[in-house]
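Numbering (the working numbering), first residue to last: 81 to 408. The beta-carbon is built from N, C-alpha and C at its ideal position, and this holds for glycine as well.
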């Protein structure tokens, strides 16, 4: 039997091999550690919305990837009414929601732990959001006459507050005495207005413009009235547990608003896809501008609280500081 030739590695070479492997291991560990330190944890947010024009900044933020850039996994959960959102919020199905200024106050008065984190869509600029209209081919009436005959809308909402403000300018202190024809479904409200079933009705954009195109006549609108405020609100539990994700969420929305205001035509497709825009208006409707504020105006919010107490919708005193997100 012959001996096989075996290659013997010198002791010094063995040392060099082990040293080399050790260096590679350390370098590899450092690289992995650096990757892990640079990888941000993705925060998940379930946020309730309505398919209305005021929610456009949220749809754009999702479509343009602004939430992703902020290390957020945001699920925009669409609802058919503010009432559905309220149920989802109080039952813990969503972390926050988009809505008007009235709802957070009512929820807070009912001991729901909620706070307003930001506001936008304020009609202080020369653009309208809510309009009081009368049917086609009818004799022109005033807002006071419409209030006596009955205005189709939804009570205890921002549009109810809108009617109050319009009438308060005419007869201060007497503006709670008006007749509302309860019609929560805005599509039905539109149809019945155009068919002459109502003396007057309140419609929001873009349905107000659609109604005008079909002969409805404008009685009053909210152009220049600083009340039509849209808010972004979160549960106190989520605010306490996830303060940084909330800040990043607001930054993404602000970025979206800046993009919309600078490039309105480029978001038209997103608007038409996610918002209830009639086909006749999809190519011609002006994309609104969106102001952004970290928090709603104190006076505006206090006026809403006073109105809700005047109508006995809320019984308790609510302070501004108890309703908005605390300054960090």
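My output table needs one value for residue i: the three-state DSSP class, helix, strand or coil.
i           : result
residue 174 : coil
residue 233 : strand
residue 126 : strand
residue 99  : Model confidence at residue 99 stands at a pLDDT of 47, short of 50, so the residue's coordinates are unreliable; what they give is reported in the following sentence. Looking at residue 99 - three-state DSSP - the assignment turns out to be helix.
residue 219 : coil
residue 271 : helix
residue 206 : coil
residue 362 : coil
residue 158 : strand
residue 370 : coil
residue 377 : coil
residue 257 : coil
residue 285 : coil
residue 181 : coil
residue 335 : helix
residue 277 : coil
residue 299 : strand
residue 313 : strand
residue 135 : helix
Looking only at C-alpha atoms, which of the options sits nearest to residue i?
i           : options               : result
residue 268 : 243, 241, 232 and 333 : 232
residue 247 : 226, 214, 336 and 405 : 226
residue 319 : 182, 406 and 252      : 406
residue 279 : 213, 190, 162 and 172 : 213
residue 411 : 289, 379 and 134      : The requested residue 411 is not part of the displayed model; the chain covers only 81 to 408.
residue 188 : 170, 174 and 369      : 170
residue 259 : 266, 390 and 234      : 234
residue 305 : 219, 296 and 243      : 243
residue 250 : 262, 236, 263 and 222 : 222
residue 420 : 338, 197, 383 and 265 : Here the chain covers residues 81 to 408 and nothing more, so residue 420 does not appear.
residue 371 : 399, 339 and 185      : 339
residue 392 : 229, 184, 145 and 236 : 236
residue 146 : 270, 192, 331 and 230 : 331
Would residue i and residue j be called neighbours here (beta carbons separated by less than 8 Å)?
i           : j           : result
residue 194 : residue 373 : no
residue 131 : residue 355 : yes
residue 178 : residue 282 : no
residue 165 : residue 127 : no
residue 291 : residue 272 : no
residue 303 : residue 148 : no
residue 357 : residue 375 : no
residue 341 : residue 369 : yes
residue 140 : residue 347 : yes
residue 156 : residue 129 : yes
Quick check: the Cα distance between residue i and residue j, rounded to an integer number of angstroms?
i           : j           : result
residue 394 : residue 238 : 15 Å
residue 345 : residue 182 : 31 Å
residue 288 : residue 275 : 15 Å
residue 150 : residue 387 : 38 Å
residue 327 : residue 379 : 24 Å
residue 367 : residue 310 : 16 Å
residue 163 : residue 241 : 17 Å
residue 103 : residue 121 : Since pLDDT at residue 103 reaches only 48, below the 50 mark, its modelled position is unreliable, and the value read off the structure follows with that caveat. The straight-line gap from Cα to Cα measures roughly 30 Å.
residue 321 : residue 315 : 10 Å
residue 158 : residue 218 : 37 Å
residue 285 : residue 300 : 14 Å
residue 137 : residue 336 : 6 Å
residue 333 : residue 208 : 22 Å
residue 186 : residue 167 : 13 Å
residue 329 : residue 220 : 46 Å
residue 293 : residue 365 : 12 Å
residue 381 : residue 400 : 7 Å
Leaving out the 5 sequence neighbours to the left and right, which residues in its chain are closer than 6 Å to residue i when beta-carbon positions are compared?
i           : result
residue 352 : 362
residue 180 : 238
residue 377 : none
residue 295 : 216
residue 350 : 139, 140 and 143
residue 263 : 232 and 269
Sorted by chain position, which residues of the same chain lie with C-beta nearer than 8 Å to residue i's C-beta, five sequence neighbours on each side aside?
i           : result
residue 252 : none
residue 224 : 247, 250 and 251
residue 229 : 221, 259, 279 and 280
Ordered along the chain, which non-local residues of its own chain (more than five positions away) have a Cβ less than 7 Å from that of residue i?
i           : result
residue 325 : 123, 125 and 152
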